[in-house]
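First the structure, in the form of structure tokens, and then the observations on it.
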Amino acid sequence: MSPTAPPWDMALYARAWAFAAEWHADQTSASADPQRPLSYLHHLASVAAEVTWGLASTPGADGNLAVQCALLHDTLEDTPVSVELLTRHFGSGVASGVQALSKNPSLPSRAAQMADSLRRILQQPVEIAMVKLGDRIANLYQVPHDWDAAQAQAYAVEAQGILQALGHANPALAARLAQHIAAFGRRPLDAADSALG
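Positions 48 to 244 (our numbering) are the ones given, in order, by the sequence shown.
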């Protein structure tokens with residue numbers, strides 16, 4: 048018996064992964080252990096894992112849009128990649144989704160940037176909201192080593208706002224986000240926990 052094909056094209060996934068890996072190659076992300084920073088690719092893979100898990104409960108969703116945006120969601124915000132370059136490589140739908148997922152640094156505060164991004168995400172196909180849910184779930188896997196309790200609490204409150212704004216996009220991902228918000232700050236995720244644990 049042959050396995051069921053996933054609701055996305057593996058060639059498109061591989062192209063997006065290669066592009067993201069090239070542009071994020073030298074970046075790291077904060078971890079619970081200051082001696083062991085994580086490759087930023089860990090974050091991208093985690094977001095993609097969350098989104099592909101969510102797609103399983105969302106018949107009819109555009110898996111190609113979802114997985115490409117999951118892998119590329121930080122390219123505009125954290126690398127020199129331009130909208131034009133993303134459009135040339137992945138098309139206008141992916142570029143528009145990644146642009147909506149990117150904060151506008153010209154706005155005066157983090158709260159204003161988040162509100163603006165959420166507004167733009169809500170104007171996109173539902174798959175873009177799924178990426179944002181997956182992104183925040185992945186960011187809640189563990190508390191960065193240099194955060195205090197107040198920072199962790201503020202981040203959890205911000206995550207609650209994301210859940211309220213976008214949770215309708217995918218109930219399964221919304222439930223995972225709610226679980227991670229509740230647990231955030233109580234313990235770092237240990238090495239035995241998986242991206243879908």
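Built from N, CA and C at the ideal position, the CB exists for glycine as well.
Cβ neighbour criterion (16 or more within 10 Å) applied to residue 107
exposed
Residue from 192, 148, 63 with nearest C-alpha to residue 213:
148
Just checking my contact of residue 184 with residue 120 at CB under 8 Å: how many whole Å lie between their CB atoms?
Going by Cβ atoms, the distance from residue 184 to residue 120 rounds to 13 Å, so no, they are not a contact pair.
Comparing C-alpha positions only, which one of 150, 69, 174 sits nearest to residue 163?
150
Decide if the region 55-64 is in contact with the region 168-180; the criterion is three or more beta carbon pairs, one per stretch, under 8 Å apart.
no
How many Å lie between residue 124 and residue 88 at the Cα?
15 Å
Simplified DSSP state of residue 134, which is helix, strand or coil
helix
Look up residue 126 in the DSSP assignment and say whether it is helix, strand or coil.
coil
Which residues share a DSSP beta bridge with residue 75?
86
What does the Cβ neighbour count give for residue 109, buried or exposed, with the cut at 16 atoms within 10 Å?
buried
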